[in-house]
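Residues in the sequence shown are numbered consecutively from 48, following our numbering.
Virtual Cβ for every residue (Gly too), placed ideally from N, Cα, C.
One structure below.
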Amino acid sequence: MTVRVALVLSLIALCAVSAAAQVQTQTHNAQAVTKPPVANTQTPVAAQPQAPAATPVAVPAGQARVHDIRPGPGVTAVKMLSSYAPSLANTAGDTQVYILEGKEPGGTVFVAGGTHGNEIAGIMASIVLVEHARPQKGRLIVIPHANNSAITDVDPERPGPKTIALTTPSGERQFLYGSRRTKATDQGAPDPPKYLHPNPKSTEELPGTEARNLNRAYPGVANGTLTQRIAWGIMQLLKAEHVTVAFDFHEAGPDSRLAWMVVANPKNLETAAAAVLELESLGLTMKLEPSSETFRGLSHREWGDETPAQTYLFETPSPSMVNDTKGVDFVNDPKLPLSKRVGGQLASFMAVIAAYNADAPAGAVVTLADVPAMKDVEKTGVGSFLR
Ligand SMILES: [Zn+2]
């Protein structure tokens, strides 16, 4: 047994312990829940145990927010998410999808930023990929604003500035700072008293506002609420583009258990462990957890369970995700500047891709040039990798 394999196995053993603890806390306040009634459909329910039953929701017409994102040398096409899921057309949930196709064939990597509109390191790391990365082998598909409604709202619990400003080679640029959840007036339905994910394995009873949390809504519903439609659209993209590795970039409060964490679908936990070891050698300590079996609707869980893609979620610590943000510098916090967090997201991303490539068949390898290294982002700032 090589040292690396031994280390990976012991890391996975640690993860299993942590997962058991996680499941225990998660199920702690689970109660006997009444599952929502199953609508009449022609397909027997037993054949599709994970398909949420739903009557169509009338989502208000709206315009997808267009952002100041300047496609870099790697971008070969720009689409809308509604091209994969027509029910998103003319809603505030439609969003830009950037395709960066390498010269040589290979695997397809997908990145979602902005699942939560107030987790700006994930959004900015995604935008750096769009404006700077150049795939050589394979493809990179990036959605910088996965919940394009949430980015237009102010989070009622943790309000932030309307925008953040970054200095770039072309001058100062502004980027929206949003909310964790879909804007209530875009959703098409009032929040339920409690939110229960329809998957039969789900044990989590969440506050009703979580019905507007994109990262509780997967695999989504084609004609559901706006949040469910966005989730559905992203699932359709993963399937249509035959995505091989998928990432969801997030942030957590600095004191959260989730800060500096990789969450991986259990099927690709070994690859995640190899990446975490690689990151340790770069001086970045990331924790690792497998997706919970009973906490449903999360990207790493449902993307990985419903498609062949390996799936990963990263959490960097954001100084703004605290109850009192008075005096917090959202970009240049002395301990946790945006540059350190974006550098951490990109380093984790590249470490997973390297670990994935180590086991991938030759035709599914992905190589990406010009993804800035963590130390360079920390040294020169996020803006220096924008246009
Ligand atoms: Zn998040």
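Bridge partners - residue i, DSSP secondary structure assignment
i: P254; result: K241
i: L187; result: L147, V156
i: F432; result: According to DSSP, which records beta bridges pairwise, F432 is partnered with nothing at all.
i: M127; result: Q143
i: A334; result: Per the sequence shown, residue 334 should be read as Lys rather than Ala. DSSP output for K334 lists M308 as bridge partner(s).
i: G218; result: T215
i: E340; result: Answer by DSSP bridge pairing: none, since E340 is not bridged.
i: L415; result: P182
Same chain only: Cβ atoms within 6 Å of residue i, ignoring 5 sequence neighbours per side
i: A264; result: T274, Q275, A278, G344
i: V412; result: G153, K184, N404
i: M127; result: D141
i: V144; result: K126, L128, I190
i: L415; result: A180, P182
i: K373; result: none
i: Q221; result: T210, A212
i: A136; result: S129
i: F157; result: I188, V290, A293
Any non-hydrogen atom of ligand 1 closer than 7 Å to residue i Cβ
i: E166; result: yes
i: T229; result: no
i: R262; result: For the record, residue 262 in the displayed sequence is Asn; it is not Arg. At least one heavy atom of ligand 1 is nearer than 7 Å to the Cβ of N262, so yes.
i: T427; result: no
i: E298; result: yes
i: T162; result: yes
Reduced DSSP category for residue i - H, G, I as helix; E, B as strand; rest coil
i: Q283; result: helix
i: Y145; result: strand
i: L223; result: strand
i: M421; result: helix
i: Q78; result: Bear in mind that a pLDDT of 34 at Q78, under 50, signals an unreliable position, so the number given afterwards is only what the model happens to contain. The answer is coil: DSSP assigns Q78 none of H, G, I, E or B.
i: P91; result: Only weak support exists for where P91 lies, its pLDDT of 45 falling under 50; the value from the coordinates is given anyway. If DSSP states are grouped into helix, strand and coil, P91 belongs with coil.
i: G390; result: helix
i: V292; result: strand
i: H179; result: helix
i: E204; result: coil
i: F396; result: helix
i: L324; result: helix
i: P133; result: helix
i: P364; result: strand
i: T354; result: coil
i: L213; result: strand
i: E166; result: coil
i: V104; result: coil
i: T274; result: helix
i: L329; result: coil
i: H347; result: helix
i: A435; result: Within the shown structure, residues of the chain are numbered from 48 to 434, placing residue 435 beyond reach of any answer.
Sequence-distant residues of its chain with Cβ nearer than 7 Å to residue i (five each side left out)
i: P419; result: V175, H179, L393, F432
i: E435; result: Lying before the first or after the last residue shown, residue 435 is absent from the chain, which here runs from 48 to 434.
i: M421; result: L329, L331, G390, G391, L393, A394
Short Cβ contact (8 Å threshold) for residue i with residue j
i: G300; j: P364; result: yes
i: I190; j: L223; result: no
i: A311; j: L331; result: no
i: N195; j: R227; result: no
i: P118; j: V177; result: yes
i: Q234; j: A132; result: no
i: A398; j: V290; result: no
i: G149; j: R186; result: yes
i: L360; j: S346; result: yes
i: A269; j: S134; result: yes
Within-8 Å CB hit, residue i to chain B
i: W350; result: Structure shown: chain B not included; a single protein chain is present.
Closer than 7 Å: residue i CB and nearest ligand 2 heavy atom
i: T210; result: Absence of ligand 2 is noted for the structure shown, with ligand 1 being the only ligands found.
Chain-order list of residues whose beta-carbon lies under 8 Å from that of residue i (same chain, five-residue window excluded)
i: P239; result: G255, A258
i: D406; result: T318
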